[in-house]
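Step one of this worksheet: look at the structure below.
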Amino acid sequence: MIEASELQCERCGVALELKKTYFSYLGHAFHTDLPRCPVCGQVYIDEELVKGRMSRVERELEDK
Amino acid sequence: MSDAQGVIRHTVSVCPVCLRRIPAVQRRHDGAVWLEKQCPQHGFFSTPIWRDKLDLELWRAGVKPLMEGENPHCPHGCGICPDHKQGTCCALLEVTPRCNLACQFCFADDEMPEPDLGQLRAAIDHIASAGRPTLQLSGGEPSLRDDLPELVAYAKQQGCSYVQLNSNGLRLAEDEEYVAALAEAGLDFVFMQFDGTDDGVYQQLRGRPLLTEKLRAVEHCDAHHIGVTFVPTVVRGVNTAQLGDILRLAVSLSPAVRGVHFQPVSFLGRYPAAPAALDRYTLDELLTDLVAQSGGRIELANFRSSCCDHPLCGFHGGFIVLEDGSLLPLTQPQQTCCCGSDQPPQPEQSCCGGSERAPQSALQEGCCCGSGKTAWQSDNCCSGQLEATQQQSCCAGGEVQVLPCACDEISRTTAAQNREYIGRRWQRNLQAEQESNGQDISSLSGFLTRARSHAFTISAMAFQDAWNLDIERLRQCSLHVYADGMLKPFCSHYLTAAEAAHD
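Residue numbers (this note's numbering), protein chains in the order written: chain R, 1 to 64; chain Z, 1001 to 1503.
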């Protein structure tokens, strides 16, 4: 897991900060802490999260 | 759309008396849709299949009608022939004809000889080779076999994805050591006949009071971490007023009880008398009554018609039981997405909260979820292409129709997808149960833990009989019975002619 402060926003040139971040999918909202650009608000989502918990949430919410 | 005679669809069925294959129509009149057919020898038959409590065309979800010349051998040529539209999700194996009840209604064949262990192992070998289906051990009452744990272990060893026991629960109530042996062997879940919340229902349907034994069976399965799903046979005037009570009781027993699987009565095998029109309790009646009796715990929008089987064969809704006993529906009527926002999403927000897509950068080329193509690879944002075309993906921010399945083609859900969907919900997950209390359900981790520990599925399956058999439905059946060395759709295997069948 990369520390948020080690990541830099390419657009704004500033270090990312770990912030509570909301996701919504198929009508359900969830939060988790993610590196976020304090200027433009973009978040960095690492592959482990995408292939792990986010993928599992999809499977729970997507119908058969 | 209907013609001047009210005909809304053409299909093929059988004569209830001689079982010959005959043309049939679905015709709307007198506040219902009826399956109507004329046997040249035995006359005219008309059976209600839908009572227009819900929009039938929405419910069908675009499934195409049976066209002339399609499935020409159904139902008499079954095995699973090349014309069949669905694979094997669940394979049912009758392990004994014996039973310790004499129910009013029973589809099973009580005249088959008792198979020996070698025959059953050979059957399991065959079943397991058909794509690792869920194996349903059925009967008769399968728990009358002392060697059932051996069969369970063998099925797991041969690669069956899940092993399910279809049981009335009586032995599970009286013999906890037997339950322990089944658990040790790897039994995943029990489909337990559970018709009502008072003994009057059992007296009527099963011949004696059974509620205490049913609840003890649940306790024993709970103690050995075997998931239980309640399976009520729903008979109008017997237990149709108890749908909500059954639901409330089942939810109160979560996580031991994983759901309720309602089965409107069908007239296969043994039944008291040939059905009159009012004896038909259609799926739309069942669902609207269930919602009405739920005290606001569930809504119509939380359900979809069957995707794996034909829409007229069932429905399902996924839920999570929360710590306060309420049900969190996983199927939502409003399906919008707003990902990566630092604010809780508002209903009117579309994907990305109206902001532009993430540019190519160190943050990865983003989809609306802020995730990159590297991470999502073949998937598009949050979802598959199918949903995207239905404007349900997180990128579309669209509103969806609430009831029908999201797909519009036959065989829309593979049997394997269906199996995993139901299997992981019906199975206990002890680690998740230990971690679930006190978790914040709105966090990603908390949601996932609770979804595993306290999943709750409300579903229904409407079996077909000689009066309402519809080849359009039968050709999409994913529940197959193993008999005579082959797999056959459930409703063709148990199909029984009117005069010969009932007591």
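We treat Cβ as the ideally placed atom computed from N, Cα and C, and that holds for glycine.
If you follow the alpha helix (DSSP H) that G1227 (chain Z) is part of, which residue opens it and which one closes it?
That residue, G1227 (chain Z), is in no alpha helix (DSSP H); its beta strand (DSSP E) goes G1227 to V1231.
With which residues is G1486 (chain Z) paired in a DSSP beta bridge?
For clarity, residue 1486 (chain Z) is Met in the given sequence; the question names Gly instead. Note: M1486 (chain Z) sits in a beta bridge opposite Z:A1483.
Contact defined as beta carbons within less than 8 angstroms: I believe A1217 (chain Z) pairs with A1274 (chain Z). What is the distance between those atoms, to the nearest angstrom?
With 8 angstroms as the limit, A1217 (chain Z) and A1274 (chain Z) do not qualify as a contact, their Cβ atoms being about 33 angstroms apart.
Nearest CA to the CA of A1102 (chain Z): which residue from Z:P1113, Z:C1081 and Z:P1209?
The residue from Z:P1113, Z:C1081 and Z:P1209 with its alpha-carbon nearest to that of A1102 (chain Z) is Z:P1209.
Whole angstroms is fine: what's the gap from V1012 (chain Z)'s alpha carbon to A29 (chain R)'s?
Rounded to the nearest whole angstrom, the CA to CA distance from V1012 (chain Z) to A29 (chain R) is 46 angstroms.
When you compare the CB positions of Q1476 (chain Z) and H1310 (chain Z), do they come within less than 8 angstroms of one another, or not?
In this structure, H1310 (chain Z) lies closer than 8 angstroms to Q1476 (chain Z) by Cβ.
Can you check which of these residues, Z:S1002, Z:G1062, Z:D1003 and Z:S1046, is closest to E1472 (chain Z) by C-alpha distance?
Relative to E1472 (chain Z), the option among Z:S1002, Z:G1062, Z:D1003 and Z:S1046 whose CA is nearest is Z:G1062.
Please list the terminal residues of the continuous beta strand (DSSP E) segment that includes Q1263 (chain Z).
Residue range V1257 to P1264 is occupied by the beta strand (DSSP E) that includes Q1263 (chain Z).
Excluding the five sequence neighbours on either side, which residues of its own chain have a C-beta within less than 6 angstroms of the C-beta of N1100 (chain Z), listed in chain order?
The residues are E1141 and L1170.
Cβ-based neighbour list, A1483 (chain Z), same chain, cut-off 7 angstroms, excluding 5 preceding and 5 following:
Within the same chain, Cβ atoms closer than 7 angstroms to the Cβ of A1483 (chain Z) are found at H1493, the five residues on either side in sequence being excluded.
Could you tell me whether the Cβ atoms of Q1427 (chain Z) and G1227 (chain Z) are closer together than 8 angstroms?
Result yes, Cβ atoms of Q1427 (chain Z) and G1227 (chain Z) sit closer than 8 angstroms.
Proximity winner among Z:H1480, Z:D1465, Z:R1304 and Z:V1265, relative to S1046 (chain Z) (alpha-carbon distances):
Nearest C-alpha to S1046 (chain Z): Z:D1465.
V1014 (chain Z) - DSSP class collapsed to helix/strand/coil:
Strand.
Could one say the Cβ of E17 (chain R) lies closer than 8 angstroms to chain Z's Cβ atoms, at least one of them?
Cβ-Cβ to chain Z under 8 angstroms: no for E17 (chain R).
Cβ-based burial, R1098 (chain Z) [other Cβ within 10 Å; buried from 16]:
Classification for R1098 (chain Z): exposed.
Would you call R59 (chain R) buried or exposed, if buried means 16 or more other Cβ atoms sit within 10 Å of its Cβ?
Flag for R59 (chain R) reads exposed.
At what residue ranges does the stretch 28–55 of chain R contain a whole run of the beta strand (DSSP E), taking only runs of 3 or more?
If only uninterrupted beta strand (DSSP E) runs of at least 3 residues are considered, those enclosed by the stretch 28–55 of chain R are 28–36.
With DSSP as the reference, label F1105 (chain Z) as helix, strand or coil.
Of the three classes helix, strand and coil, the one that applies to F1105 (chain Z) here is coil, per DSSP.
Of all the CB atoms in chain R, is at least one closer than 8 angstroms to the CB of L1507 (chain Z)?
No information on residue 1507 (chain Z) is available, as it lies outside the stretch 1001 to 1503 that chain Z covers here.
Are the beta-carbon atoms of T1233 (chain Z) and Y1281 (chain Z) separated by less than 8 angstroms?
Remark: C-beta atoms of T1233 (chain Z) and Y1281 (chain Z) do not approach each other more closely than 8 angstroms.
Could you please give me the residues that DSSP links to M1461 (chain Z) through a beta bridge?
The partner list for M1461 (chain Z) (beta bridge, DSSP) reads Z:G1314.
Identify the residues that DSSP records as bridge partners of S1443 (chain Z): which are they?
DSSP lists R:H31 as the bridge partner or partners of S1443 (chain Z).
List, in order along the chain, the chain Z residues whose C-beta lies closer than 7 angstroms to that of V57 (chain R)?
The answer, in chain order, is L1444, F1447 and L1448.
Would the stretch 1236–1255 of chain Z and the stretch 1277–1292 of chain Z be scored as touching if the rule is three or more Cβ pairs under 8 angstroms?
Inter-segment contact for the stretch 1236–1255 of chain Z and the stretch 1277–1292 of chain Z is present: three or more beta-carbon pairs are separated by less than 8 angstroms.
Buried or exposed: which applies to H1076 (chain Z), given that a residue is buried once 16 or more other Cβ atoms fall within 10 Å of its Cβ?
Exposed, since its Cβ has fewer than 16 Cβ neighbours within 10 Å.
Neighbour flag for R1121 (chain Z) against chain R, beta carbons, 8 angstroms:
No, R1121 (chain Z) does not count as interfacial toward chain R.
Give me whichever residues DSSP pairs with R59 (chain R) in a beta bridge.
BP columns for R59 (chain R) are empty, so no partner.
So, at 7 angstroms on beta carbons, what are the nonlocal neighbours of C12 (chain R) in its own chain, with the 5 sequence-adjacent residues on each side left out?
So the list reads C37, V39 and C40, once near-sequence residues are dropped.
Cutoff 8 angstroms: C1089 (chain Z) Cβ touching any chain R Cβ:
False, the Cβ-Cβ gap to chain R never drops below 8 angstroms.
Range of the contiguous alpha helix (DSSP H) that encloses T1288 (chain Z)
Its alpha helix (DSSP H) spans residues L1283 to Q1293.
Segments of 3+ residues assigned as beta strand (DSSP E) that fall wholly inside the stretch 1072–1129 of chain Z:
Complete beta strand (DSSP E) runs here, min 3: 1090–1094.
Note down the Cα distance separating L1312 (chain Z) from F1463 (chain Z), rounded to an integer number of angstroms.
L1312 (chain Z) and F1463 (chain Z) have their C-alpha atoms roughly 10 angstroms apart.
Below 9 angstroms between beta carbons is the criterion; list the residues of the stretch 1027–1056 of chain Z that meet it against any residue of chain R, in chain order.
For the stretch 1027–1056 of chain Z, the beta-carbon criterion of a distance under 9 angstroms to any beta-carbon of chain R is satisfied by none of its residues.
Can you find at least 3 beta carbon pairs, one from the stretch 46–61 of chain R and one from the stretch 1003–1011 of chain Z, that sit closer than 8 angstroms?
Look at the beta carbons and you see the stretch 46–61 of chain R not touching the stretch 1003–1011 of chain Z: under three pairs across the two are nearer than 8 angstroms.
Tell me the residue span of the alpha helix (DSSP H) that contains Q1203 (chain Z).
Taken as a continuous stretch (DSSP letters only), the alpha helix (DSSP H) holding Q1203 (chain Z) covers D1199 to R1206.
Cutoff 8 angstroms: E60 (chain R) Cβ touching any chain Z Cβ:
By this cut-off, E60 (chain R) is an interface position.
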